[in-house]
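Residue numbers (the working numbering): 15 to 395. Glycine included, C-beta positions come from ideal geometry on N, C-alpha and C.
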Amino acid sequence: NLFCDNVCKHILQEMRNRLKLVRFDVSGQGIDADAVNEHLRTWWTLNGLAALAGAVHWATLRDGNHAVSLAWSPAQNRVIVARERWWNGRYGMFVGYDDYDQPAYAVRDWRSAEGERRTIWFRDRIERYLRDGEGWKPFRLAADGEQWPTPWVTATGEPIGLPVVHFGNGQMPNDGRGDYGATEPSPLYGMSELDGGLLGLQDEINDIQRDITASARFAGFQMLYGVGVQNQYDETGAAISFTVEPGAFYTDPNADAKFGALPPGDLTQLEKALIIKLQAVSRQSSIPLYTIAGDWPSGEALLRAEQPAVDKAETQAAGIGPAWASLAHKATRLSNVFGGTLLDENLMISAVFAPVARRDPLTRAAIVAQLGPHLSKQEVL
15 NLFCDNVCKH
25 ILQEMRNRLK
35 LVRFDVSGQG
45 IDADAVNEHL
55 RTWWTLNGLA
65 ALAGAVHWAT
75 LRDGNHAVSL
85 AWSPAQNRVI
95 VARERWWNGR
105 YGMFVGYDDY
115 DQPAYAVRDW
125 RSAEGERRTI
135 WFRDRIERYL
145 RDGEGWKPFR
155 LAADGEQWPT
165 PWVTATGEPI
175 GLPVVHFGNG
185 QMPNDGRGDY
195 GATEPSPLYG
205 MSELDGGLLG
215 LQDEINDIQR
225 DITASARFAG
235 FQMLYGVGVQ
245 NQYDETGAAI
255 SFTVEPGAFY
265 TDPNADAKFG
275 ALPPGDLTQL
285 EKALIIKLQA
295 VSRQSSIPLY
305 TIAGDWPSGE
315 ALLRAEQPAV
325 DKAETQAAGI
335 GPAWASLAHK
345 ATRLSNVFGG
355 TLLDENLMIS
365 AVFAPVARRD
375 PLTRAAIVAQ
385 LGPHLSKQEV
395 L
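Have a look at this one:
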């Protein structure tokens with residue numbers, strides 16, 4: 015909206031800022047692990063994954079679900095990645111699961127120069143379609159030749175796997191009532207952080223801000239009044255009005271005339287109402303009130319205030335981390351299939367996030383002062 019005290023944006027920003035992907039770790043030691051680590055570092059840099067991860071986290075928290083696709087670029091001789099907007103009911107990317115909760119297919123609908131397109135990825139093939147009236151007809155790219163669907167297998171015929179990874183905000187289970195109805199949500203997909211109350215509170219915050227603006231205009235300013243004042247007229251006969259400005263002084267020939275001022279109204283109650291709504295947002299989102307209202311504590315008060323946000327960010331990282339690890343593993347596989355590398359695909363890859371606690375040097379120093387005698391020198395440092 016043109017007028018909005020956008021608290022929802024601040025909530026997403028705070029969560030995104032705490033959820034920072036910093037690198038990938040590869041299990042094991044030796045030449046194979048070093049090769050995968052080096053490949054992932056290069057892949058990270060060339061694809062700008064630090065910035066991409068921030069955008070992916072924002073979109074996942076905002077919408078509840080997001081997707082990232084991978085492709086091999088012959089021109090650049092490397093694996094590239096791209097964010098995909100999640101399915102909105104007509105366009106976007108959707109990932110479907112099998113009975114064992116494993117990704118079974120990914121489908122993307124979008125508009126192109128040829129018309130409305132649909133691509134479906136399976137583990138072993140790619141099916142492309144072009145809208146034809148109310149239905150769809152097979153569509154081929156020039157590189158596909160006469161094959162349809164396009165095989166998506168290695169040189170030995172082994173399925174390559176889905177080149178799409180689903181990111182879901184699953185820190186709160188997306189469970190329905192359990193009646194297996196047509197509108198029953200699936201717990202395999204995430205929920206928006208703004209769902210479940212925050213959007214309603216945002217509307218009320220905007221409403222109170224409007225009330226504050228209106229009240230300030232009607233009652234927030236000192237108003238002047240005059241009693242027994244005679245009208246003054248200019249040479250054309252038009253009445254001369256009083257000009258309200260700093261330093262002005264009014265006189266009147268009527269001996270009984272009086273001037274005075276009405277004091278401004280009290281906006282305290284509206285201010286309290288706004289704080290109450292912001293407190294509700296803080297409770298709902300687990301984001302400390304000080305980050306919303308700007309009243310920053312320090313020391314132990316800061317640690318206590320931010321602990322719910324720390325716990326929530328760690329839970330989110332635990333849920334989103336495997337998706338990043340899957341993306342990294344798929345990148346090594348595509349590199350082997352199309353780039354001719356010999357990376358070990360059996361090594362475990364894990365995503366590493368930056369510490370989610372937001373502690374300034376003075377706060378850390380206060381912690382060390384209290385716990386230093388009970389910690390090792392390495393921990394203190």
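Please report the distance separating the alpha-carbon of residue i from that of residue j.
i: A422; j: L60; result: Since the first residue shown for the chain is 15 and the last is 395, residue 422 is missing from the structure and cannot be characterised.
i: D48; j: A89; result: 26 Å
i: F367; j: H71; result: 12 Å
i: F181; j: E148; result: 31 Å
i: D266; j: V243; result: 6 Å
i: A55; j: A331; result: Here residue 55 turns out to be Arg, not Ala, going by the sequence shown. Those two C-alpha atoms are separated by around 20 Å.
i: I289; j: N91; result: 55 Å
i: N102; j: D39; result: 34 Å
i: P322; j: P302; result: 8 Å
i: A156; j: T74; result: 34 Å
i: Y264; j: Q283; result: 34 Å
i: S349; j: S340; result: 14 Å
i: I25; j: A365; result: 24 Å
i: R372; j: H343; result: 31 Å
i: F256; j: I219; result: 38 Å
i: S41; j: D358; result: 11 Å
i: P197; j: T329; result: Checking the displayed sequence, the identity of residue 197 turns out to be Thr instead of Pro. In a straight line, the C-alpha of T197 is about 27 Å away from that of T329.
i: R145; j: Y203; result: 27 Å
i: A380; j: Q293; result: 28 Å
i: W100; j: N51; result: 30 Å
i: G240; j: L281; result: 25 Å
i: P187; j: L208; result: 14 Å
i: T377; j: V324; result: 15 Å
i: P161; j: D123; result: Position check: residue 161 holds Gln in this sequence, whereas Pro was assumed. Looking at the two C-alpha atoms, the distance is approximately 21 Å.
i: G333; j: S296; result: 22 Å
i: P369; j: L317; result: 14 Å
i: E285; j: I226; result: 8 Å
i: A307; j: L33; result: 21 Å
i: Y105; j: R224; result: 36 Å
i: A67; j: G261; result: 58 Å
i: V95; j: Q384; result: 46 Å
i: A315; j: H388; result: 22 Å
i: G159; j: T170; result: 20 Å
Using a 10 Å radius around the Cβ and a threshold of 16 neighbouring Cβ atoms, would you call residue i buried or exposed?
i: M237; result: exposed
i: R125; result: exposed
i: C18; result: exposed
i: G251; result: exposed
i: F153; result: buried
i: A228; result: exposed
i: E320; result: buried
i: R76; result: buried
i: I254; result: exposed
i: M205; result: buried
i: I45; result: exposed
i: E172; result: exposed
i: R191; result: exposed
i: R30; result: buried
i: E128; result: exposed
i: N183; result: buried
i: A345; result: buried
i: M107; result: buried
Leaving out five residues before and five after residue i in sequence, what residues of the same chain have Cβ atoms less than 8 Å from its Cβ?
i: N20; result: Q216
i: Q298; result: G210, G211, L212 and L215
i: G353; result: W86, N91, R92 and V93
i: G386; result: V394
i: D115; result: L202
For residue i, which residues in the same chain have their Cβ closer than 6 Å to its Cβ, ignoring the five residues on either side in sequence?
i: A120; result: V109, W135, L176 and V178
i: A337; result: V179 and F181
i: Y396; result: Since the first residue shown for the chain is 15 and the last is 395, residue 396 is missing from the structure and cannot be characterised.
i: A233; result: G279
i: V36; result: V366 and A368
Excluding the 5 residues preceding and the 5 following residue i in the sequence, name in chain order all residues of the same chain whose CB lies nearer than 7 Å to its CB.
i: K326; result: Q185 and S300
i: I174; result: W166, V167, T168, R347 and V351
i: T305; result: E28
i: K291; result: L215, E218, I219 and I222
i: V258; result: L238
i: D248; result: I254
i: A118; result: G110, Y111 and D112
Unbroken stretches of the beta strand (DSSP E), 3 residues or longer, contained in the segment 60-121
79-87, 92-98 and 106-111
Quick check on the DSSP output: what are the complete beta strand (DSSP E) runs of length 3 or more inside the segment 174-249, in order along the chain?
178-182 and 237-241
Cβ contact (3+ pairs, closer than 8 Å) linking the segment 128-145 and the segment 158-165
yes
Write down every uninterrupted run of the beta strand (DSSP E) in the segment 136-169 whose length is 3 residues or greater and which is fully enclosed by it, in chain order.
139-146 and 149-152
Please specify which runs of the alpha helix (DSSP H), each continuous and at least 4 residues long, are wholly inside the segment 291-346, giving them in chain order.
303-307
Does the count of Cβ pairs from the segment 72-89 and the segment 375-394 closer than 8 Å reach three?
no
Which parts of the segment 342-375 are runs of the beta strand (DSSP E), unbroken and 3 residues or longer, counting only runs that do not cross its ends?
363-367
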